[in-house]
Amino acid sequence: MEFSLGQIASILGGAVEGDPNLKVNRLDKIQEGKPGGISFLSNEKYEPYLYNTDATAVIVSEELKLGKAIKTNLIRVKDPYSGFTTLLEAYAQLHKTALTGVEEPSYLGAGSTMGTNGYRAAFSYIGKNCQIGDGVKIHGHAYVGDRVKIGDGTIIHPGAKICADTIIGKNCEIHPGAVIGSDGFGFAPQADGTYKTIPQIGNVILEDQVSIGANSTIDCATMGSTIIRKGAKIDNQVQIAHNVVIGENTVIAAQTGISGSTEIGKNCVIAGKAGIVGHIKIADHTTIGANTGISKTIKTPGQTLFGYMSMDVKDFLKSYTIFKNLDQLQRRVQELEKKG
Amino acid sequence: MEFSLGQIASILGGAVEGDPNLKVNRLDKIQEGKPGGISFLSNEKYEPYLYNTDATAVIVSEELKLGKAIKTNLIRVKDPYSGFTTLLEAYAQLHKTALTGVEEPSYLGAGSTMGTNGYRAAFSYIGKNCQIGDGVKIHGHAYVGDRVKIGDGTIIHPGAKICADTIIGKNCEIHPGAVIGSDGFGFAPQADGTYKTIPQIGNVILEDQVSIGANSTIDCATMGSTIIRKGAKIDNQVQIAHNVVIGENTVIAAQTGISGSTEIGKNCVIAGKAGIVGHIKIADHTTIGANTGISKTIKTPGQTLFGYMSMDVKDFLKSYTIFKNLDQLQRRVQELEKKG
Amino acid sequence: MEFSLGQIASILGGAVEGDPNLKVNRLDKIQEGKPGGISFLSNEKYEPYLYNTDATAVIVSEELKLGKAIKTNLIRVKDPYSGFTTLLEAYAQLHKTALTGVEEPSYLGAGSTMGTNGYRAAFSYIGKNCQIGDGVKIHGHAYVGDRVKIGDGTIIHPGAKICADTIIGKNCEIHPGAVIGSDGFGFAPQADGTYKTIPQIGNVILEDQVSIGANSTIDCATMGSTIIRKGAKIDNQVQIAHNVVIGENTVIAAQTGISGSTEIGKNCVIAGKAGIVGHIKIADHTTIGANTGISKTIKTPGQTLFGYMSMDVKDFLKSYTIFKNLDQLQRRVQELEKKG
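Protein chains in written order, with this note's numbering: chain A, -11 to 328; chain B, -11 to 328; chain C, -11 to 328.
Listed below in structure tokens is the structure:
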């Protein structure tokens, strides 16, 4: 996707100072500007870069007075930062929707249908009786099992695996290598010490605007559904076990794990590497720190929790400060004992 | 797979009350029953759902007396719970074995053979000189490297990667995205600060009835074999390093990591996110809590361990309770010092 | 790849004692020697195995005097250990470079070029306008997005996903299932509690001799580049967020996570399951223990850090030893209080 400086100025309601026919196809930081790219200057701290940048063009304020000669071209707008953001979003949007059509060989099972403006890459696999909405992009090596439903505008990135019977809403993104709907970890211990597999016949439901990170895994329910509610954002390498429910707009950072049947409220923020046991509930608006272990239901909304076995974050830090010098405390007790 | 109520009643040795020709293709919880599904009623607490359920049929006790009118159909059996479990297992079994034949394009390398009743999905890859048993199911985007052996009845789920020379037993399941036999992490430090790759030429052996979770990784041995013994069950996103041995019937929950050359005994239970250092041994029947770090050999079988640096679980909880109020202990010492 | 004992003796500058026409195709430990394999005897502790081994041949010292009759054949060299290492490296090297040509079906997008002696497996996907160097091996189900550059001698293992615009140096290895260049986790909170996706338009740069482990994930930069410098070695299931920089020759063990915009120095050693927060710097030659949490910039090079919230490793162990018996310390305070 290439645009001329003239086209960009017209999108942003600005004016070109230089050659409006020059073309750019990339957005760069001003300190890393290279030919073919466009940057922006908003913070005056970065102004020195303007006079040396190799960027083809820089978006600057209408009011900027040049202190030196420039090699680059300018697009002058009212607010360079918001202008650049507009461009960034347009670029990302175009990038995501540009792909259409079918590359071969690809596989579409009997009874499966795709909407308009979709994309199926070479080596994408769609099983039987799937319903795929409009504008859905299925990238290379993406796997979609039988009877899966995918809403309009959703992107299944390369090598993501959507297992049978999963239901995915609109405008979701499933990042590369994520696994949605794998069997839950259910085994019944037998008298002889062996384990018998408990069939996992439920599914996974992702509501609209859900994002699942690269190589994350979300198990199907034993029966019923594992549910990720509208607008929840899940980072890379997160593990979500069978029958878990994640509330609306909850954000979960990388490498966190949530055990079976736990329900997380809405608008929670869970930092990286947290671990949450099974069969508990976490209240809405809970903040959970990095690496925190949660072993009990959290009833009061809005708390911030932290620690190996979670506590209020301030209490934990107070205790940990003493822990760091625990030998001093021990020595003080020894002194007292000597005196006594 | 659809069955009529008459067929199901005959499998369960029960009687239909309603239309025996109606068909179902799904098992649901009674509180989530929908047309086309069959549920069960075992616990009387759930009886109210019976009178409103949209399920096509419900398995109930021979002795149940209806308190109200019903919209659904009944299959009356002696023990509804065990009847449903029978159905569940039959359903899961059918589901797993139903797929047979070859979808194209698929790739089968020179010298490789497959047994009877197998399945090779479109875009499945099998390298050279592999020996694949009877009833083996190789799903879409599954990768099987050269000289791999796979026993009867094993399922390789979508996108699982089985590297060259791996040996897999009978009735194993390798879940989506799991990697079996990747190179171990071995690098020899050089005088100039760089690292030289130590060739990893061993393999992985999975014995019979082993289950490996989605996106788990099991490295091949430097030389010899990394071994997962009969009946061991490994959850999602578990990392098992080169030359590790996991004992029979040991269960390992998600996101646990086991470093190189460690040997885990049989019938151990390891909870999620545990970390076990390399070159140690863990005795049989050891229980390791979530998030626990193990840094030393565990010789005595049957212990339960927990904590950042593992201890007996009771001792850890005792210490952690005091840790939570460590400022109180410090204040008490201050008080004593003032008095002294 | 099969070699006769005569060929091997000639490579190692040694002499065959036995049949020089026998062939071997595998390297084994002497205690696990099997027909068709070659082992070595360096440590005299293992000499008893020499007299029973089923290995086709064993590399031994020129000076070894046999204590008993042997069934195997010998290759006598000056230094058996270094002879075996030579063989091991030659074997691994051959193994990696042996594959050439194109298996079909494979996909090569418009404008993409590959150098000489390369390999593209069946079901490998290469997007548009990629530049792939000489001797690059792209294995089954490997995905290479648009405009990716890959240097000479690099191996992309099965099912690895290299997203658009990634730049990979020479002689790198990307192990199975790794994801390079997935979108960074960036979402801007909105007034109504929802999140808006922040476009991630940067890329990932891997310099020469970088190794990325199985199922690891490295996110692209929001703008600019996430960078892994020359010779860095990353283990399995490691998560590296957007705009992180990893220094030369730094080694990171499995399941570690590094948050956005953090810069790790060169020649650091980071053990498994460590967690490092975003927007900090770690000095060169820092050693970070397993499971350690790092929340602040480390300025002094050469430190060894450990603990839930990292400290100097000796201080942590001192405190943890007291923590383990914290109830004793509490009891001593009680005793003092009673006396007072």
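Heads up, the beta-carbon is just placed ideally off N, CA and C, and yes, glycines get one too.
Here the alpha carbons of Asn255/A and Gly181/C stand approximately 7 angstroms from one another. Within the stretch 217 to 237 of chain C, the residues whose Cβ lies closer than 7 angstroms to some Cβ of chain B are Gly219, Lys221, Asp223, Asn224, Gln225 and Asn237, listed in chain order. Any Cβ of chain A closer than 9 angstroms to the Cβ of Asp171/B would place that residue at the interface, and such an atom is absent. Residue-level contact check: Val321/B touches chain A, since one or more beta carbons of chain A fall below 9 angstroms from its beta carbon. For Leu0/C, there are no C-beta contacts with chain A under 9 angstroms, since the nearest C-beta of that chain is about 42 angstroms from it. The beta carbon of Asn61/B sits no closer than 9 angstroms to any beta carbon of chain C. Identification of chain C residues near Asn203/A by a Cβ-Cβ cut-off of 9 angstroms yields Gly165, Ala166, Val167, Ser170, Asn203, Ser204, Thr205, Gln225 and Gln227, ordered along the chain. DSSP places Lys312/A within a helical segment (H, G or I) once states are collapsed to three. Residues Lys149 and Thr205 of the same chain have their beta carbon placed closer than 6 angstroms to that of Val167/C, with the five preceding and five following residues left out of the count. By the CB criterion at 9 angstroms, Ile58/A and Ile(-4)/A fall outside the cutoff. Chain-ordered, the chain B residues with CB closer than 8 angstroms to the CB of Pro146/C read Tyr113, Tyr131, Gly133, Lys149 and Cys151. For Pro68/C, the enclosing alpha helix (DSSP H) stretches over residues Pro68 to Ala86.
The DSSP assignment places 292 to 294 as complete runs of the beta strand (DSSP E) inside the stretch 264 to 312 of chain B, in order along the chain (cut-off: 3 residues).
Contact note: Leu293/C does not reach chain A at a C-beta cutoff of 8 angstroms; the least C-beta distance is about 13 angstroms. Ile(-1)/B carries a helical assignment under DSSP once its states are collapsed to helix, strand and coil. Here the alpha carbon of Lys56/C sits roughly 40 angstroms from the alpha carbon of Ile228/B. In the DSSP assignment, Tyr183/A falls within the unbroken beta strand (DSSP E) covering Tyr183 to Thr185. In this structure, Ile234/C lies near Ile215/C, with their beta-carbon atoms less than 9 angstroms apart. Pro93: these are the residues of the stretch 92 to 106 of chain B whose beta carbon lies less than 7 angstroms from some beta carbon of chain A, given in chain order.
Non-local beta-carbon contacts of Ser27/C in its own chain, meaning distances under 6 angstroms to residues more than five positions away in sequence, involve Asp16, Ile18, Gly21, Ala43 and Val46 in chain order. Secondary structure note for Pro36/B: its alpha helix (DSSP H) is the uninterrupted segment Glu35 to Leu38. Residue range Ala45 to Ser49 is occupied by the beta strand (DSSP E) that includes Ser49/B. A distance below 8 angstroms between beta-carbons, with the five flanking residues on each side excluded, links Gly6/C to the following residues of its chain, in chain order: Leu(-7), Ala45, Thr60, Asn61 and Leu62.
Comparing alpha-carbon positions, the option among Ile186/C, Leu52/C, Gly260/C and Thr280/C lying closest to Glu32/C turns out to be Leu52/C. DSSP lists Tyr131/C and Val167/C as the beta-bridge partner residues of Lys149/C.
At a Cβ-Cβ threshold of 9 angstroms, Gly157/A and Asn191/A do not count as neighbours. Around the C-beta of Leu54/C, fewer than 16 other C-beta atoms lie within 10 Å, and the residue is accordingly described as exposed. Of all residues in the stretch 263 to 283 of chain A, only Gly263, Val265 and Gly281 come within less than 7 angstroms of chain B when Cβ atoms are compared, listed by chain position. Under DSSP, Leu15/B takes part in a beta bridge, and its partners are Ile26/B.
Around the beta-carbon of Tyr39/B, fewer than 16 other beta-carbon atoms lie within 10 Å, marking it exposed. Proximity of Phe(-9)/C to chain B, defined by a Cβ-Cβ separation below 9 angstroms, is not satisfied.
The DSSP-derived three-state label of Val226/A is coil. In the structure shown, the three-state DSSP call for Lys326/A is helix. Neighbourhood of Thr182/C in chain A, by CB distance below 8 angstroms: Gln197, Gly219 and Asn237, in chain order. For Arg217/A, the secondary structure class from DSSP, reduced to helix, strand or coil, is coil.
Less than 9 angstroms separates the beta-carbon of Ala109/B from that of His129/B.
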